[in-house]
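Have a look at the structure below before the remarks.
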Amino acid sequence: MDWLAYALGDFFVWTFENLLVPFGDLGNSENFWFISPNFLFVMLGFLGLGLWLSIQSKYNKAAASDPNQIK
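Going by this note's numbering, the first residue of the sequence shown is number 14, and it counts up by one from there.
The following block contains the structure:
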């Protein structure tokens, strides 16, 4: 079972050192501030919120026009 634990540990260390740390350093650059992880997560959240609200609006209109709807 040690082979699995060490393989996962090595994978996580490699991931943090080679993917996450350089990605986080992009936010410190003056030219690439819009690539920072915080900015991307906030924009993804706003896009998801807009999508959810537009779909919910369609559902509300369909429910309001259906007379057989239980209210």
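Note that beta-carbon positions come from the ideal geometry of N, C-alpha and C, so glycine has one too. Quick caveat: nothing in here was measured; it's all calculated off a predicted structure.
Could you spell out the range, first to last residue, of the alpha helix (DSSP H) harbouring residue 79?
Within the sequence shown, the letter at position 66 stands for residue 79. Per DSSP, residue 79 belongs to no alpha helix (DSSP H) and is neither H nor E.
Quick one: grab the DSSP three-state call for residue 49.
Here residue 49 is taken as the residue at index 36 of the sequence shown, counted from 1. Three-state DSSP puts residue 49 in coil, outside helix and strand.
For residue 14, which of helix, strand or coil comes out of DSSP?
As a working note, residue 14 is residue 1 in the sequence shown. In the structure shown, residue 14 sits in coil (DSSP, three-state: anything other than H, G, I, E or B).
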